[in-house]
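Shown next, in structure tokens, is the structure this report addresses.
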Amino acid sequence: MVSSPHYLASASGQDALRRGGSAVDAAIAINATLCVVYPHMAGLGGDAFWLIAGGSAKGVEAIEASGPAARLATRDFYRGRGHAEQIPMRGPLAALTAPGAVDGWRLAHERHGKLPWKDLFADAIAYARDGMAISRSLADWLVTDEAILNNDKDMARIFLPKGRPQRDGEMLVQADLARTFAFLAEHGPREGFYEGPIAQEMARSLEAQGSPLRLEDITGYRARWAQPISTGYRGYEVFQLPPSTQGFAALQILNLLEGYDVKSWGNDMAAYYHHLVEAIKVAFADRDEWLSDPAHVDIPLERLLSKDYADERRKLIDPVAARPFDAIEPGISFGSAAKRQAPSGDTVYFCAADSDGLVVSNIQSIYHDFGAAVVAGDTGIVMQNRGSFFSLDASHPNSLEPGKRTFHTIIPAMLMKDGKPALAYGTMGGEGQPQTQAALLTRIIDFGFNVQQAIEAPRWLMGRTWGTASRDLALEARMPDEVKRELRLRGHPVKIVDGWDGTLGHAQAIRIDCDNGTYEGGADPRGDGIALGF
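In the working numbering, the protein residues as written are 85 to 618.
Following this line, the structure appears as structure tokens:
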């Protein structure tokens with residue numbers, strides 16, 4: 085079974101499985117197609133994180149495929165170019181980290197791949213070369229980002245070929261990207277992407293545009309296997325990637341919720357939403373204080389994830405009154421007066437499971453919609469702007485340093501039961517990812533929802549969404565009026581959004597029935613995806 089936010093990508097993954105491929109093969113095929121059909125959310129110029137379990141995996145395996153800051157990317161570099169307060173969010177100065185995703189594909193395929201490398205990219209090549217029909221999500225973002233796309237002639241040439249945003253069903257051709265994918269398929273990940281002419285063209289173009297990235301930053305990059313982190317929740321073990329991802333915040337939320345009888349809120353949904361939102365605020369206070377590259381900051385992770393610590397922090401949650409988002413202090417101080425971080429971003433989450441029981445939970449991103457909005461020469465690769473989230477304050481935990489990895493919002497998740505995979509799940513949505521993950525787990529474990537029900541249930545987001553300056557509690561319009569009213573009465577800054585609002589995340593999941601050996605998949609109607617099995 086596979087699930088992804090775009091139907092063509094899901095079909096690519098299912099095809100890999102039908103041809104005898106592993107879940108890893110399927111995940112790579114899915115991701116490659118997403119780089120073409122969802123170019124506003126995914127791309128070869130971005131990062132990725134993996135969780136792999138079951139089958140031939142030894143426990144839960146994790147891959148960090150996130151690029152560090154370029155060697156020239158210093159705070160002085162940006163000050164010398166007139167940016168003393170903040171790195172620009174778009175443009176070549178925002179393209180300051182090496183792209184990591186492709187080398188993550190390499191690591192996963194070397195260990196768990198069954199199909200030849202070159203066979204994983206046929207769909208991506210064809211859709212880029214011959215064109216593909218623009219889907220709803222891409223059409224919406226083309227309109228939203230028209231001005232951003234027009235700021236760069238190559239972005240405009242590729243994504244506004246008619247001089248205007250194309251609508252659903254019109255064709256998008258990406259000929260340069262098709263040639264890049266064909267070269268990558270033929271020559272493999274290192275020569276085909278990091279060490280040959282593709283890398284040289286990326287480096288040449290980006291340097292000419294003013295980016296601090298250089299060829300040695302690209303050729304020297306290696307993805308790495310990592311030790312995942314975990315916590316228990318109602319007899320299950322929940323796994324996340326370690327820092328520099330926000331995975332520990334997702335685990336902290338579950339630690340806080342485990343102290344409540346969540347099931348009892350099934351008849352009081354206002355209490356359910358209230359407590360989840362307040363738990364999120366408490367966990368995010370620690371996240372915003374500490375999250376950075378652990379090679380540069382000594383993060384007290386063991387303490388932050390302990391059940392005793394959750395018992396202490398749970399006392400901050402008032403059962404009937406909301407607290408202002410920024411009024412909650414971290415439980416352990418970093419010792420800096422630096423301004424707290426406020427992440428946002430766009431991404432794709434997808435998952436796959438094969439007939440041998442191997443399960444993949446994967447997330448890939450170019451950070452904001454269309455990343456840095458910069459194309460790397462004639463490669464067709466849109467570069468991520470993940471590095472723009474670095475702080476230029478030297479006292480900040482996420483302060484910019486050459487070779488450092490920035491705070492990452494993207495977090496795939498894996499639920500295990502008695503040492504076996506029980507659920508692969510995740511979502512896009514920056515600050516919303518830990519929130520939607522908590523919603524999915526509580527709805528499945530505490531309320532007994534099936535996967536699709538858990539994904540489709542009304543969603544919320546506490547925090548900033550795209551283009552907003554304030555931290556609201558966004559509620560989908562489908563939520564009952566009395567629940568909305570009660571949340572307002574409890575002091576929540578309620579904002580009503582569309583009934584199926586894509587900015588609140590595109591969630592996907594695969595549930596594994598270990599007793600019967602069957603899979604149950606779900607895909608989010610807020611996106612353009614589908615779950616497919618056979």
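For every residue, glycine included, the Cβ atom is placed at its ideal position computed from N, Cα and C.
Which residues mark the beginning and the end of the alpha helix (DSSP H) in which R489 is found? Element bounds for R489: n/a, residue is neither H nor E.
Looking at the strands, I want to know which residues DSSP matches up with R308. E148
Quick check on C119: does DSSP put it in helix, strand or coil? helix
Excluding the 5 residues flanking I218 on each side, which residues of the same chain have their C-beta closer than 8 Å to its C-beta? L226, Q250, R251, D252, G253, E254, M255, L256
For G575, verify whether its CB is less than 7 Å away from any heavy atom of the ligand MG. The ligand MG is not among the ligands present in this structure, which contains no ligands whatsoever.
Thinking C-alpha only, which one of S348, A369, R263, D608 is nearest F531? S348
Pull the bridge partners of R595 from the DSSP assignment, please. L507, E604
Starting from Q293, follow the alpha helix (DSSP H) in both directions and report where the run begins and ends. 281 to 293
Taking the CB atoms as reference points, tell me whether P481 and S417 lie closer together than 8 Å. no
Nonlocal neighbours in the same chain, by C-beta distance under 6 Å from R595, ignoring five residues either side: L507, V535, E604
C-beta contact flag for A212 and F265 at 8 Å: yes
Just to confirm, are W134 and N446 a CB contact at a threshold of 8 Å? yes
Specify the secondary structure class of D214 as computed by DSSP and reduced to three states. helix
Going by alpha carbons, who is nearest to Q519 out of V578, A558, G487? A558
Residue of F474, I580, L571, R543 minimising C-alpha distance to A154: F474
Whole angstroms is fine: what's the gap from G331's alpha carbon to L389's? 11 Å
Take the Cβ of L204 as the centre, count every other Cβ of all protein chains shown within 10 Å, and call the residue buried at 16 or more, exposed below. buried
With 16 as the cutoff for other CB atoms within 10 Å, does F618 come out buried or exposed? exposed
Can you find at least 3 beta carbon pairs, one from the segment 113 to 122 and one from the segment 146 to 162, that sit closer than 8 Å? no
Please tell me whether I337 and A497 are closer than 8 Å, where the distance is taken between their beta carbons. no
Measure the alpha-carbon distance for L61 versus G215 and round it to whole angstroms. Any property of residue 61 remains undetermined from this structure, which presents the chain solely from 85 to 618.
Within 10 angstroms of the Cβ of A607, are there 16 or more other Cβ atoms? Answer buried if so, exposed if not. buried
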